[in-house]
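Student: I'd like to ask you about the structure that follows.
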Amino acid sequence: MTERGGRWDAIVVGAGTSGSVVAALLSEDPSRRVLVLEAGPVPTSSSGLPRRLLDAGLVPGAAPRTAETSRYPAALTRDGGADFHVTRGRMLGGSSAINGAAFVRPRPEDFARWATAGLPWDHDTALPAMRRLERDLDLGASALHGDAGPIPVHRTPLDHPIGAAFRDAALDAGHPWEADKNAPGEPGIGPLPRNVEHGRRVQPGDAYLLAARDRGNLVILGEAPVIGLAVDGGRVVGVRYAVEGAEAIARADEVVLCAGPVESTHLLLLAGIGPAVALRRAGLPVRLDAPGVGTAFADHPQVVLEWAPPRPAAAPAGEWTAGVLHAGSVELLQGAKPLAALGGDRTEPTGPLPLLVTDLAPRSTGRLVLDPADPRLPPRLDYGYLADDAARCALREGVRLGLELIRAMGGVLVSGPASTSGRDVDAWVRAHLTTAFHSCGTVPIGGPLDAAGRLRGIDGLRVADTSVLPDAPSRGPALAAVLVGELLGRGGAAADQPRT
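Quick note on the numbering used here: the sequence shown kicks off at 744 and runs consecutively.
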């Protein structure tokens, strides 16, 4: 092992959705030397990003395997079931480079729930940061929205034939019109806010980190996965990482984990920070017994109905969605192109359209499980979905609502339950269950972390990604991940703040 990594004021682990923001903000102070270590590739400019990762009409993570992703074994329910793998981004921008580019704010009730759990931000406290990070292309500047931030926000009008049919079916069923899903108010049917401009995905790695990369105090290393934390006594003093086939160590006054809810947690566990029983079971020494690490994360269960419209219609350029309905805890997101086309594998997509049915209720039933044969291997994600009547009922009613809307649109069901009976719907849901890939809360503030994201019991370490949220927001977490970066990144030298 070499000391080639040098000495830094801060090391940011991960140049993903949160890490790109944290690194850009920390390095605004020219006296603070910041090193960013990213496991995947980091181009020198946005022109170096693959074209399919810029096309907002695609969901690159839907492709079976790509060079920009990591895969993790998973079990969707406690009784196991078929093998399943979870894909997460492994490159500049992290999962925001491969997701559906939804960019929706957490609801005020999310902030209220999180505040009760120990998060130090309510909706009003977070609103200035939510305005600051966005450039709303549709609504401009107001008391609610910003027009000068790094991330563009656009809502494609529902005038496409599929979007119009979905909108009309929802309105006819009595659901309210929701023009701005980034505003507090009654949920209903409306266009999906997305981090898109002129059909191009604009993700935080591009908008924040590449915009800052010429700073003399900021160094960004791609293809440099962090493989361990360097701990001296009761303090994290740096990281070990792989680069060019060798192992190096970099030291810093502060290490900020922004590797996402899986890898940030995995690094803590490998360092002996986590539930003592689980660490000993994996053959790891216990440095800090922290029962809240990786034991109760939240995500959102999902199923996909597929249907054929009476008249096929090509999707708009740079768009794959055709409106989204929120009804109670259920989200129904209508697709404008077939599932098989979302990963970019087909140039002329044909086939049925997806209607994604997701239960967005905050249920922290997940846990990360280390591989007993080798804890360094990717951990398994046990989601614990469908564990109670409320969870099963939410998806059951969501599927029934989806079937009603498909009928109202004159569609022909291609993939769905044989009938609307509880038995048929529940059986179909269990057989077709997947996840929305919205994991949060693996290392929550209010549990193992204090209000500044610092680990309780060991100095020199913060976590600043969606791991810190007490549970998942009742919308997708991409905007929340940028918000975490804004709020904790602007905290800057959080070590100067008193511990709580």
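Glycine is no exception: its CB is placed at the ideal position from the N, C-alpha and C atoms.
Note that the structure is a prediction, hence the values are computed from the model and not measured.
Tell me which residues share the same chain as H897 and place their Cβ nearer than 7 Å to its Cβ, disregarding the 5 neighbours each side in the sequence.
Tutor: To locate residue 897, count along the sequence shown from 1; it is residue 154. Counting only Cβ-Cβ distances below 7 Å, and skipping sequence neighbours, we find L880, D881, R937, V939 and E940.
Student: Identify the residues that DSSP records as bridge partners of C1001: which are they?
Tutor: Start at 1 with the first residue of the sequence shown, and residue 1001 comes out as number 258. Paired residues: none, contrary to the question.
Student: Looking only at its chain, what residues have a beta carbon closer than 6 Å to the beta carbon of A818, apart from the 5 residues adjacent to it on each side?
Tutor: What you label residue 818 is simply residue 75 of the sequence shown in a count that begins at 1. Excluding positions up to five away in sequence, the list reads D1125.
Student: Could you check which residue in G1232, T859 and S1158 has the C-alpha nearest to that of L1098?
Tutor: For the purposes of this step, residue 1098 is identified with residue 355 of the sequence shown, where counting begins at 1. Minimum Cα distance to L1098 is reached at S1158.
Student: Could you check what DSSP says for E1229 in three-state terms: helix, strand or coil?
Tutor: Here the question's residue 1229 lines up with position 486 in the sequence shown. Three-state DSSP puts E1229 in a helix.
Student: At a threshold of 8 Å, does E921 count as lining the ligand MG (C-beta to nearest heavy atom)?
Tutor: This structure lacks the ligand MG; in fact it carries no ligand of any kind.
Student: Can you tell me whether F846 is helix, strand or coil according to DSSP?
Tutor: Numbered from 1 along the sequence shown, position 103 holds the residue referred to as residue 846. F846 falls in the coil class under three-state DSSP.
Student: Please state whether DSSP places E1248 in a helix, a strand or coil.
Tutor: Given a span of 744 to 1243 for the chain in the structure shown, any question on residue 1248 remains unanswerable.
Student: According to the neighbour-count rule (16 or more other Cβ atoms, all chains shown, within 10 Å of its Cβ), is P1241 buried or exposed?
Tutor: Residue 1241 sits at position 498 when you count from the first residue of the sequence shown. Note that P1241 scores a pLDDT of 45, beneath 50, so its modelled location is shaky and nothing firm can be said.
Student: Thinking C-alpha only, which one of A1207, V1100 and L1075 is nearest I754?
Tutor: If you number the sequence shown from 1, residue 754 lands on position 11. Comparing Cα positions, the closest option is A1207.
Student: Write down every uninterrupted run of the beta strand (DSSP E) in the region 887–975 whose length is 3 residues or greater and which is fully enclosed by it, in chain order.
Tutor: The qualifying runs are 894–898, 961–964 and 969–975.
Student: With the cut-off set at 9 Å, would you say G783 and E1062 are in Cβ contact?
Tutor: Numbered from 1 along the sequence shown, position 40 holds the residue referred to as residue 783. Numbered from 1 along the sequence shown, position 319 holds the residue referred to as residue 1062. No; because the gap between Cβ atoms is not below 9 Å, this pair is not in contact.
Student: Return the bridge partner residues of E1309 from the DSSP annotation.
Tutor: In this structure the chain extends from 744 to 1243, so residue 1309 is not present and cannot be described.
Student: Below 6 Å CB to CB, which residues in the same chain sit around L1129 once its five sequence neighbours on both sides are set aside?
Tutor: Counting from 1 along the sequence shown, the entry for residue 1129 is found at position 386. The answer, listed in chain order, is T820 and R1135.
Student: Leaving out five residues on either side along the sequence, give the residues of the same chain with a beta carbon under 6 Å from the beta carbon of S1182.
Tutor: On the sequence shown, residue 1182 is found 439 positions in, with the first residue counted as 1. Once the five neighbours on either side are set aside, the close Cβ partners of S1182 are P1004, F1040 and D1042.
Student: Give the straight-line distance between the Cα atoms of G928 and G1228, rounded to the nearest whole angstrom.
Tutor: Translated into the one-based positions of the sequence shown, residue 928 becomes position 185. Translated into the one-based positions of the sequence shown, residue 1228 becomes position 485. Taking the straight line joining both Cα atoms gives about 26 Å.
Student: Entirely within the region 765–837 and at least 3 residues each: give me those beta strand (DSSP E) ranges in chain order.
Tutor: 777–780, 812–818 and 827–832, all fully within the region 765–837.
Student: Leaving aside the five residues before and after A1194 along the sequence, list all residues of the same chain whose C-beta is less than 8 Å from its C-beta, in chain order.
Tutor: In the sequence shown, the residue the question calls residue 1194 occupies position 451. Same-chain partners within the cutoff: G861, L862, P863, I1188 and T1243.
Student: How many whole angstroms separate the CB atoms of L1144 and V1029, which I take to be in contact at a CB cut-off of 8 Å?
Tutor: Residue numbering aside, residue 1144 sits at position 401 when the sequence shown is read from its first letter. Residue numbering aside, residue 1029 sits at position 286 when the sequence shown is read from its first letter. With 8 Å as the limit, L1144 and V1029 do not qualify as a contact, their Cβ atoms being about 48 Å apart.
Student: Is it true that the CB of R958 sits closer than 9 Å to the CB of P773?
Tutor: In the sequence shown, residue 773 corresponds to position 30, counting from 1. In the sequence shown, residue 958 corresponds to position 215, counting from 1. It is a contact, given that the beta carbons lie within the stated cut-off.
Student: Nearest by alpha-carbon distance to G1153: which of A1025, G843, W1050 and G1087 is it?
Tutor: Taking the sequence shown and counting its residues from 1, the one referred to as residue 1153 is at position 410. Checked all of A1025, G843, W1050 and G1087; the closest Cα to G1153 is W1050.
Student: Quick one: what does DSSP say L1046 is sitting in, helix, strand or coil?
Tutor: Taking the sequence shown and counting its residues from 1, one reaches residue 1046 at position 303. The sequence given here has Val at residue 1046, not Leu. In the structure shown, V1046 sits in a strand (DSSP, three-state: E or B).
Student: By Cβ distance, which residues of its chain are closer than 6 Å to G762, with the 5 residues on each side in sequence left out?
Tutor: As a first step, residue 762 is located in the sequence shown; it is residue number 19 there, counting from the start. Contacts found: V755 and C1001.
Student: Hey, how far is the Cα of K1080 from the Cα of A1057?
Tutor: Numbered from 1 along the sequence shown, position 337 holds the residue referred to as residue 1080. Numbered from 1 along the sequence shown, position 314 holds the residue referred to as residue 1057. K1080 and A1057: Cα-Cα distance of roughly 7 Å.
Student: For A1237, count neighbouring C-beta atoms within 10 Å of its own C-beta (all shown protein chains included) and say buried if the count is 16 or more, exposed if not.
Tutor: Counting from one through the sequence shown, the residue named residue 1237 turns up at place 494. The predicted model places A1237 with a pLDDT of 41, which falls under 50 and marks its position as unreliable, so this point remains unresolved.
Student: Excluding five sequence neighbours on each side, which residues of the same chain lie with their C-beta closer than 6 Å to the C-beta of E781?
Tutor: The residue labelled residue 781 in the question sits at position 38 within the sequence shown. The answer, listed in chain order, is A758 and G965.
Student: What is the DSSP secondary structure of A1294, counted as helix, strand or coil?
Tutor: Any property of residue 1294 remains undetermined from this structure, which presents the chain solely from 744 to 1243.
Student: So, helix, strand or coil for A1134, using DSSP?
Tutor: Counting from one through the sequence shown, the residue named residue 1134 turns up at place 391. Correct three-state label for A1134: helix.
Student: Just to confirm, is the Cβ distance from L1012 to V779 under 9 Å?
Tutor: Numbered from its first residue, the sequence shown carries residue 1012 at position 269. Numbered from its first residue, the sequence shown carries residue 779 at position 36. No, the Cβ-Cβ distance between L1012 and V779 is not below 9 Å.
Student: In whole angstroms, what is the alpha-carbon distance linking P1213 and P1122?
Tutor: Reading the sequence shown from its first residue, position 470 is the one you call residue 1213. Reading the sequence shown from its first residue, position 379 is the one you call residue 1122. Distance between the alpha carbons of P1213 and P1122 is about 21 Å.
Student: Just to check my reading of the structure: R1199 and L1231 have Cβ atoms closer than 8 Å, yes? What is that Cβ distance to the nearest angstrom?
Tutor: For the purposes of this step, residue 1199 is taken as the residue at position 456 of the sequence shown. For the purposes of this step, residue 1231 is taken as the residue at position 488 of the sequence shown. Contact doesn't hold; Cβ gap of about 16 Å is too wide.
Student: Mapping DSSP to helix, strand and coil, what is L1192?
Tutor: Your numbering for residue 1192 matches position 449 in the sequence shown. Correct three-state label for L1192: strand.
Student: DSSP beta-bridge partners for I1201?
Tutor: The sequence position of residue 1201 within the sequence shown is 458, counting from 1. Paired residue(s): none; I1201 is not in a bridge.
Student: Assuming Y951 contacts V764 (C-beta within less than 8 Å), just tell me the rounded distance between them.
Tutor: Start at 1 with the first residue of the sequence shown, and residue 951 comes out as number 208. Start at 1 with the first residue of the sequence shown, and residue 764 comes out as number 21. About 5 Å separates the two Cβ atoms, so the contact holds.
Student: By the DSSP assignment, the beta strand (DSSP E) with W751 in it spans what residues?
Tutor: In the sequence shown, counting from the first residue as 1, residue 751 sits at position 8. Looking at the DSSP string, the run of the beta strand (DSSP E) that includes W751 is R750 to V756.
Student: Going by Cα to Cα distance, which pick from T760, S770 and R750 is closest to G1234?
Tutor: The sequence position of residue 1234 within the sequence shown is 491, counting from 1. Checking every option, the nearest Cα to that of G1234 belongs to S770.
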